[in-house]
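Protein chains in written order, with our numbering: chain A, 7 to 885; chain B, 88 to 197.
The next block holds one structure in the form of C-alpha cells; read it before the comments.
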Amino acid sequence: MSLRRTAARLLALLRPGRLDRELDDEIRAHLEMAEQDALAAGMTPEQARRAARRQFGGIEPMKQEHRDSRSLRWIESLLRDFRHGLAGLVRDPGFTVVAVSVLALGIGANVAVFSLVDAVLLQPLPFPEPDRIVRVWQAPRPGVTNATSVLDFLDWRRLADSFEALAAEQTVSVALTGAGEPQRLTAKAVTSDYFRVFPATPLLGRTFLPGEDQPGAARVALLSHAAWQTYFGGDPDILSRRPVLDGEPHQVIGVLPPGPFDRDRAELWEPLAFEPGQQTRDFHWPEVHGRLRRGATLARAREQMETLNAALVELAPPWKRDWGVVVEPLQTLLVGDNLRQSIFVAFGAVAMVLLIACANVANLLLAKGAARRKELAMRAALGAGRGRLAAQLLTESFVLCLLGGVAGVAVAALLLQVAKPVLPAMAPFAAAISLNLRALGFAAAVALGVTLLIGALPALQTNLGKLSLLLNQASRGFSDGRSGVRRAIVVGEIALSLVLLCGAVLFLRSLVALQSLETGVRIDHVITLSMNLPLTTYPDAEAAGRFYAAVAERLDGAPGVEKAALASHLPLRWIGNGEGLVLPGLEKPVNVRLKRVNPGYFDLLEVPVLSGRDVQETDRLGAPHVILINETLAAQLADVAGVTDPIGKMVKLSYPFYETKGGSLEDVEIVGVIRNEKVSSPGSADPAVAYAPMAQLPRPSSSLLVRTPSDPYAVLPTIRAAIGEIDPNLPLGDIITLQQVRDGTLSGASRPTWVVGVFAAVAALLAAVGLYGVLSQTVAQRRREIGIRMALGARSQDVVAQVLRNALRLALIGVAVGLAGVVSLTRLVQSLLFGVSALDPLAIACACVAMTLLGLLAGFVPARRASRVEPTVALREEG
Amino acid sequence: MSKPKALVPYGTLDLLILKTLETMGPLHGYGLARRIEQVSKEALQLSQGSIYPALIGLEQEGWIRADWGVSETNRKVKVYALTEAGRRQVAVEVEKWEQATALVARFLEA
Numbered sequence: 007m008s009l010r011r012t013a014a015r016l017l018a019l020l021r022p023g024r025l026d027r028e029l030d031d032e033i034r035a036h037l038e039m040a041e042q043d044a045l046a047a048g049m050t051p052e053q054a055r056r057a058a059r060r061q062f063g064g065i066e067p068m069k070q071e072h073r074d075s076r077s078l079r080w081i082e083s084l085l086r087d088f089r090h091g092l093a094g095l096v097r098d099p100g101f102t103v104v105a106v107s108v109l110a111l112g113i114g115a116n117v118a119v120f121s122l123v124d125a126v127l128l129q130p131l132p133f134p135e136p137d138r139i140v141r142v143w144q145a146p147r148p149g150v151t152n153a154t155s156v157l158d159f160l161d162w163r164r165l166a167d168s169f170e171a172l173a174a175e176q177t178v179s180v181a182l183t184g185a186g187e188p189q190r191l192t193a194k195a196v197t198s199d200y201f202r203v204f205p206a207t208p209l210l211g212r213t214f215l216p217g218e219d220q221p222g223a224a225r226v227a228l229l230s231h232a233a234w235q236t237y238f239g240g241d242p243d244i245l246s247r248r249p250v251l252d253g254e255p256h257q258v259i260g261v262l263p264p265g266p267f268d269r270d271r272a273e274l275w276e277p278l279a280f281e282p283g284q285q286t287r288d289f290h291w292p293e294v295h296g297r298l299r300r301g302a303t304l305a306r307a308r309e310q311m312e313t314l315n316a317a318l319v320e321l322a323p324p325w326k327r328d329w330g331v332v333v334e335p336l337q338t339l340l341v342g343d344n345l346r347q348s349i350f351v352a353f354g355a356v357a358m359v360l361l362i363a364c365a366n367v368a369n370l371l372l373a374k375g376a377a378r379r380k381e382l383a384m385r386a387a388l389g390a391g392r393g394r395l396a397a398q399l400l401t402e403s404f405v406l407c408l409l410g411g412v413a414g415v416a417v418a419a420l421l422l423q424v425a426k427p428v429l430p431a432m433a434p435f436a437a438a439i440s441l442n443l444r445a446l447g448f449a450a451a452v453a454l455g456v457t458l459l460i461g462a463l464p465a466l467q468t469n470l471g472k473l474s475l476l477l478n479q480a481s482r483g484f485s486d487g488r489s490g491v492r493r494a495i496v497v498g499e500i501a502l503s504l505v506l507l508c509g510a511v512l513f514l515r516s517l518v519a520l521q522s523l524e525t526g527v528r529i530d531h532v533i534t535l536s537m538n539l540p541l542t543t544y545p546d547a548e549a550a551g552r553f554y555a556a557v558a559e560r561l562d563g564a565p566g567v568e569k570a571a572l573a574s575h576l577p578l579r580w581i582g583n584g585e586g587l588v589l590p591g592l593e594k595p596v597n598v599r600l601k602r603v604n605p606g607y608f609d610l611l612e613v614p615v616l617s618g619r620d621v622q623e624t625d626r627l628g629a630p631h632v633i634l635i636n637e638t639l640a641a642q643l644a645d646v647a648g649v650t651d652p653i654g655k656m657v658k659l660s661y662p663f664y665e666t667k668g669g670s671l672e673d674v675e676i677v678g679v680i681r682n683e684k685v686s687s688p689g690s691a692d693p694a695v696a697y698a699p700m701a702q703l704p705r706p707s708s709s710l711l712v713r714t715p716s717d718p719y720a721v722l723p724t725i726r727a728a729i730g731e732i733d734p735n736l737p738l739g740d741i742i743t744l745q746q747v748r749d750g751t752l753s754g755a756s757r758p759t760w761v762v763g764v765f766a767a768v769a770a771l772l773a774a775v776g777l778y779g780v781l782s783q784t785v786a787q788r789r790r791e792i793g794i795r796m797a798l799g800a801r802s803q804d805v806v807a808q809v810l811r812n813a814l815r816l817a818l819i820g821v822a823v824g825l826a827g828v829v830s831l832t833r834l835v836q837s838l839l840f841g842v843s844a845l846d847p848l849a850i851a852c853a854c855v856a857m858t859l860l861g862l863l864a865g866f867v868p869a870r871r872a873s874r875v876e877p878t879v880a881l882r883e884e885g
Numbered sequence: 088m089s090k091p092k093a094l095v096p097y098g099t100l101d102l103l104i105l106k107t108l109e110t111m112g113p114l115h116g117y118g119l120a121r122r123i124e125q126v127s128k129e130a131l132q133l134s135q136g137s138i139y140p141a142l143i144g145l146e147q148e149g150w151i152r153a154d155w156g157v158s159e160t161n162r163k164v165k166v167y168a169l170t171e172a173g174r175r176q177v178a179v180e181v182e183k184w185e186q187a188t189a190l191v192a193r194f195l196e197a
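Right, dumping it as C-alpha cells:
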C-alpha cells in the first residue's frame, strides 16, 4: 500500500459518516439509472427494479467492503469503543471518580518515585561518558579509604597512563567581600586537569589552562552558573570584574554552564597549586578523580595503580609502607548503598500501592460487570465475536487508565512539589528532579500495564461460553466463582497492605530508636555557625588565636548568650582529618581524629571530664602542649600499650601547620579523659579522638556554638554584632541549630520512614475500601436470605456477627498470607533499620492487629446495614 | 453473507476501470459498470456494486479523481476521471498484465 493511500485511509477515519452518506447517494443514483435503462428496455417497473438490484449485487456486503477498502477498520472500531467507554464512564460518575482517583494515586506515586530513581540512580553523573570517571584513593587498610598525599598524586599523574587525566581537588571556603554583606562561598581548588575529568563548555570565557595551577600564577577563578546569578546578578561583563576573594582581587576567567556544576555544593573553582612545602608523602588531603583513557578498563587501571603503588613503596614513610590504592567508579560512589536502598524501598512501597489500587479498580469493574454481563450476552447473541467483546472491555479499561494516568501525572507533580524542600538534602548531587519526558513515558507505560492488569479480568468474563445462558437467567447476580475471585483480590490487598504496614512500623521504631540514641551531648537551645578566616587577614596562628579569643571574650556574658564555645568541628559531625599519635616505645602510630576545642566546649555540651582536667585558659600558644582524649582512645591506649592511667602521659602527636599543608610531630601531655561524644553515624562505633586546646592549635576554619535560654535564632543579631566589631569583613556561614545538626547526621537511617509510612497508610485504607466493597455487595445480594433468617427468628446481632465473621475471616486470611510476605521482604530493609530487627515481633504484631481491626471496621457498616433489613420488605423484593 | 462472485480475474478490476476511463473519459459509477459489461460483450458476470470499493481505492491512490456531476436521472452523482498519475499507472498496469499473461502463456506452451 502506498504512503499516499495509507494517509488517505487515516484521513477517512475522521469522517466515516460523510463517506457513508456519499456512498449511499452513489448507490441510489446507480440503481435509478439502472432501473431507467431497464424500463427503456421494456420491463415493467417492478421487473426493472428487481433487475437493477440483481445486477448491482449485495448492497450491505459491498458497503462493508467499501469501508474496509477506504479505511483501517480496527482503528475505526477502536475509536468507537473508545467513545463508547467514555460515554459509559460519564453515565456512572460515582464509579468513575472513585476508580480514576484510586488509579491516579497509584500511578502518581509511582511516577514521582520514578523521577527520583531517574535523577539519582539512572543518571547520577551529568557528564559525557560518566562510566570513565573514577575516584582514586589511598587505602591504609583494606576497606578504608583515605585522601592522597601530594607527592603520591604527582607520581600517579606522571606515570599512570590508563588515565586520560588525573585531577586533585580540595574543598575550601572563600570570603567574597567588597559588595555589601560579606559572603561565604564554598569553593573547590582544583588542578588544571580538573575540567578534562569533568568536561565542561563554559557559558562565558574559558576553563583553566595548563600552568595556571602553578605556585605564583595569577589569581583566577571560575564561577558556577548559580553563583554568577546569585552573587553577580548574571552580569554579562563579569569577565572584566575583579571580585575580592579572601581579600585579594581575582580575575574571573569563566562561568560554567547551568546544570551539571550547579548540582555540586561548590560555587567557585580556583586553581590548586602545590607549594614546595606541601610536597610530601606524609599528609593526605587532595581528593583525586580521574578519567579513564578510552579503551582502558577499570581492571586495567586498578592493576596499573597497584603496580605503581608497589614501585613507590620505597619512597613512602615507614608507617605507610603497607598502604594500598583503590580505584572506584564515581557513579557507584555518589549513590551510597543506603540511598540506593532507600529509593528501592520507596519504589517497592509505591509499587505495592499501585497493585492494591489496581486490585480495587479491578474489583469495582467486576462488580460493574454484573450489570454488563447481560449487555455483553445480548451483543454476543447478535453476532459480536468474543475477541471483539474482549477488545471492547479492554478499551473501556484503557479509557479509565488513560484518565487515571493523566490525573496521576498531576498527582506526581504535586508530590514532587511537596517533597521539593527535602529532596536536595536527600540527594544533594542529583539533577533537578522533575517530570521529564522519561517520567512521562514511564507514566504511559504504567497506565498501559494497569490497563492490561485490570482489563484482563473483565475481558476474561467474555469467556465462560455460558454468556448466552445468562440471557435466560434471572438477575440473581453473581455466580459463586466470581465472588470468589473478588474475595481473593481483597485477600491479596490485605496481604500487601500488611507488608507495607509492617515496614512502616519497623521504620517508625527505627526512627524512635534514633531519636532516643544517646549522643553524649546536650543539644537543646544551641545555635551553631561556621567561620572561615582568610589567610590574607589572618596569616598565622597568632592572628587567628587573637581573633578566636576576642570572639569568646565578647560573647561571654553578652545578652541572650548563656554559654559560648568554639571548636574546629561541630559535635555529631564526622572529623575528617586523621593524625598519628605515637607512644614511646611503639613504632606504629595510633590513628586518632584531632579536634580543637576552647575551654567552654565540654561545659556547653555537658560532656563530663571523667578524669584529669578540662581545657583551660592557660593552655595558650607557647604553653606546653596538652590534649584531652575520649574514652575510646583511652581504651585503645590501654589495649595497645598497657596504659592504665593516661593522665600525665607524654606522647607525640602530629600537629598540622596553620597555613600550609603538613605538620610537625610534637610532644604533648594527656591531661584529661572525657566521656565520648557522638562523632560517627549511628550504628558505627565512635573513633579515637584527641582534643587539643584551640588556642594552642588554631586553624582558619572553625565553628561557634552558643547556648541560649530561649529561641536559639533570637541571639543571632547579638552574635553578628559581636563578630562584626572584631572583623566586619568576615562572613558567617552554615547557621543551624544543634538539633538540626543531629537530625542531619541521623537522617540517613530514617530516610524512608515517611515515604513508607504514608504509602502504608494509603495502602491499608485502599484495602479497607476494597473489603468494604465486597462485604457490602455480599450483604446486598443476601438481603433475601437475611430477611428469611430474620423472619425465622434470627436476632439482628446474629446477622451483624455473621457479617463481621465474614470480614474477620477475609482479614485473617489476608494477614496470614501477608505474614509470609513480611518474613521474606522486610529482611531486605534490615540495613536501613537502626536498633530494631527486621522480624521485630512487636512491629509485626502491631501491623497484624491494625490490619485486622481495619478489616473489622470495614465490615461494620455493611453489618449494620444487614441488621436493618426488614424481613417483610426483603421478602417482597424481586430477587 | 457470502460475497457475490465477480468473475473478474483477481486484481484486474482496477485495470479494467483505469483502461475504461482512459478510453471513454470521465464516467459515473453506473456508466463505468455498463461500459465494462458492454466491452466484455456480457461475458463478464460483474456485480455492478463491486466497482465502488475499487473506485475508492483508486481515488485514495490518487489515480482517479471524483467530481460531483448530475446523472441522467437528475441526481447528484460522482463522476470519475483519470488523473495524470492515473494515466501513468495505466501503462504500468498494462505492462504488469502483459508480463503476467506472457509468463502464463509460456507455461501453457511448454
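Built from N, CA and C at the ideal position, the CB exists for glycine as well.
| So does the region 63 to 79 of chain A actually touch the region 17 to 26 of chain A, counting three or more Cβ pairs closer than 8 Å? | yes
| message | If I measure Cβ to Cβ from residue 876/A and keep anything under 7 Å in the same chain, skipping five residues before and after, which residues do I get? | response | Within the first sequence, numbered from 1, the residue matching residue 876/A stands at position 870. Nothing listed; no residue qualifies.
| task | Assuming residue 724/A contacts residue 564/A (C-beta within less than 8 Å), just tell me the rounded distance between them. | result | Reading the first sequence from its first residue, position 718 is the one you call residue 724/A. Reading the first sequence from its first residue, position 558 is the one you call residue 564/A. Sure, about 5 Å apart at Cβ, within 8 Å.
| query | Counting contacts by CB-CB distance shorter than 8 Å, is residue 174/B in contact with chain E? | reply | The structure shown contains no chain E; its protein chains are A and B.
| How many angstroms separate the CA atom of residue 66/A from the CA atom of residue 135/B? | As a working mapping, residue 66/A is identified with position 60 in the first sequence. As a working mapping, residue 135/B is identified with position 48 in the second sequence. Each residue's Cα considered, the two are about 13 Å apart.
| said: If the cut-off is 8 Å on Cβ atoms, which residues from the region 148 to 167 of chain B count as contacting chain A, listed in chain order? | reply: 148, 149, 158, 159, 160, 162, 163, 164 and 165
| said: Can you find the residues in the same chain that come closer than 7 Å, C-beta to C-beta, to residue 353/A, ignoring five residues on each side of it along the sequence? | reply: By 1-based counting over the first sequence, the position of residue 353/A is 347. Result list for residue 353/A: 119 and 123, in chain order.
| query | Along chain B, in chain order, which residues have C-beta atoms closer than 7 Å to that of residue 869/A? | reply | Taking the first residue of the first sequence as position 1, residue 869/A is located at position 863. Those within 7 Å of residue 869/A in chain B number zero; the least Cβ separation is about 56 Å.
| request: In angstroms with no decimal places, state the Cα-to-Cα distance between residue 403/A and residue 450/A. | output: Within the first sequence, residue 403/A is the residue found at index 397, counting from 1. Within the first sequence, residue 450/A is the residue found at index 444, counting from 1. C-alpha separation (whole angstroms): 14 Å.
| request: Could you confirm whether any beta carbon from chain B is found closer than 8 Å to the beta carbon of residue 40/A? | output: The sequence position of residue 40/A within the first sequence is 34, counting from 1. Judged by the 8 Å Cβ criterion, residue 40/A is in contact with chain B.
| said: Residues of chain A with CB closer than 7 Å to the CB of residue 143/B, please, in chain order. | reply: Within the second sequence, residue 143/B is the residue found at index 56, counting from 1. Neighbours of residue 143/B on chain A, chain order: 72, 75 and 76.
| said: In this structure, how does DSSP classify residue 684/A when only helix, strand and coil are distinguished? | reply: One-based indexing of the first sequence puts residue 684/A at position 678. If DSSP states are grouped into helix, strand and coil, residue 684/A belongs with coil.
| task | Tell me whether the beta-carbon of residue 738/A lies closer than 8 Å to the beta-carbon of residue 535/A. | result | Here residue 738/A refers to the residue found at position 732 when the first sequence is read from its first residue. Here residue 535/A refers to the residue found at position 529 when the first sequence is read from its first residue. Cβ atoms of residue 738/A and residue 535/A: closer than 8 Å.
| message | In this structure, how does DSSP classify residue 80/A when only helix, strand and coil are distinguished? | response | Locating residue 80/A in the first sequence gives position 74, where the first residue counts as 1. Correct three-state label for residue 80/A: helix.
| query | Residues of chain A with CB under 8 Å from residue 135/B, in chain order? | reply | If you number the second sequence from 1, residue 135/B lands on position 48. Ordered by position in chain A, the residues that pass the 8 Å Cβ test against residue 135/B are 36, 40, 61, 62 and 63.
| task | Tell whether a beta-carbon distance below 8 Å holds between residue 842/A and residue 519/A. | result | Looking up residue 842/A in the first sequence gives position 836. Looking up residue 519/A in the first sequence gives position 513. Yes.
| Taking 8 Å as the CB-CB limit, is residue 26/A close to chain B? | Here residue 26/A corresponds to residue number 20 of the first sequence, with the count starting at 1. It does not: the Cβ of residue 26/A has no partner Cβ on chain B nearer than 8 Å.
| task | Please confirm whether residue 295/A and residue 268/A have their CB atoms less than 8 Å apart. | result | As a position in the first sequence, residue 295/A is number 289, starting the count at 1. As a position in the first sequence, residue 268/A is number 262, starting the count at 1. The answer is no: Cβ separation not under 8 Å.
| query | Just to confirm, are residue 208/A and residue 261/A a CB contact at a threshold of 8 Å? | reply | For this step, residue 208/A is matched to residue 202 along the first sequence. For this step, residue 261/A is matched to residue 255 along the first sequence. Yes, Cβ-Cβ distance for residue 208/A and residue 261/A is below 8 Å.
| message | Could you compute how far the alpha carbon of residue 869/A sits from the alpha carbon of residue 803/A? | response | Here residue 869/A refers to the residue found at position 863 of the first sequence. Here residue 803/A refers to the residue found at position 797 of the first sequence. Roughly 9 Å separates the two Cα atoms.
| query | Any Cβ of chain A within less than 8 Å of the Cβ of residue 113/B? | reply | Here residue 113/B refers to the residue found at position 26 of the second sequence. Not one chain A Cβ lies under 8 Å of residue 113/B.
| query | For residue 54/A, which option in 38/A, 63/A and 68/A has the closest C-alpha, if you only look at C-alpha atoms? | reply | As a position in the first sequence, residue 54/A is number 48, starting the count at 1. Minimum Cα distance to residue 54/A is reached at 38/A.
| query | How many angstroms separate the CA atom of residue 186/B from the CA atom of residue 193/B? | reply | In the second sequence, counting from the first residue as 1, residue 186/B sits at position 99. In the second sequence, counting from the first residue as 1, residue 193/B sits at position 106. Straight-line Cα distance between these residues: approximately 11 Å.
| query | Is it the case that the Cβ atoms of residue 13/A and residue 76/A are separated by a distance below 8 Å? | reply | In the first sequence, residue 13/A corresponds to position 7, counting from 1. In the first sequence, residue 76/A corresponds to position 70, counting from 1. Not in contact: residue 13/A and residue 76/A (Cβ atoms no closer than 8 Å).
| query | Are the beta-carbon atoms of residue 571/A and residue 607/A separated by less than 8 Å? | reply | For the purposes of this step, residue 571/A is identified with residue 565 of the first sequence, where counting begins at 1. For the purposes of this step, residue 607/A is identified with residue 601 of the first sequence, where counting begins at 1. Contact flag set, yes.
| request: Could you please give the first and the last residue of the uninterrupted alpha helix (DSSP H) stretch that includes residue 106/B? | output: Taking the second sequence and counting its residues from 1, the one referred to as residue 106/B is at position 19. That run of the alpha helix (DSSP H) goes 100 to 111.
| field | Own chain, CB closer than 7 Å to residue 333/A, minus 5 neighbours either side, in chain order | value | Here the question's residue 333/A lines up with position 327 in the first sequence. 140, 142, 304, 307, 308 and 311, listed in sequence order.
| message | Residues in the same chain with beta-carbon distance under 7 Å from residue 6/A, minus the five sequence neighbours each way, listed in chain order, please. | response | No statement about residue 6/A is possible, as the shown extent of chain A runs from 7 to 885 and does not include it.
| On the three-state DSSP scale, how would you describe residue 739/A? | Taking the first sequence and counting its residues from 1, the one referred to as residue 739/A is at position 733. DSSP places residue 739/A in strand when its eight states are reduced to three.
| query | Going by other Cβ atoms of all chains shown within 10 Å of its Cβ, with 16 needed for buried, is residue 424/A buried or exposed? | reply | Position 418 of the first sequence, counting from 1, holds the residue named residue 424/A. Looking at its Cβ environment, which holds fewer than 16 other Cβ atoms inside 10 Å, residue 424/A is exposed.
| task | With DSSP collapsed to three states, give me the class of residue 109/A. | result | By one-based count along the first sequence, residue 109/A stands at place 103. In this structure, residue 109/A counts as helix in the three-state DSSP scheme.
| message | Once DSSP output is grouped into helix, strand and coil, what is the label at residue 26/A? | response | Counting from one through the first sequence, the residue named residue 26/A turns up at place 20. Three-state DSSP puts residue 26/A in a helix.
| Relative to the C-alpha of residue 259/A, which residue among 652/A, 673/A and 274/A is closest? | Taking the first residue of the first sequence as position 1, residue 259/A is located at position 253. Per the Cα distances, 274/A.
| said: Quick check: the region 154 to 170 of chain B against the region 87 to 96 of chain A, are at least 3 beta-carbon pairs closer than 8 Å? | reply: no
| task | Would you please verify whether the beta carbon of residue 49/A is less than 8 Å from any beta carbon of chain B? | result | Translated into the one-based positions of the first sequence, residue 49/A becomes position 43. No - not a single Cβ of chain B is within 8 Å of the one on residue 49/A.
| If you count every other CB in all the chains shown that lies within 10 Å of the CB of residue 111/B, and 16 or more means buried, which is it? | As a first step, residue 111/B is located in the second sequence; it is residue number 24 there, counting from the start. By the 10 Å Cβ count, residue 111/B comes out exposed.
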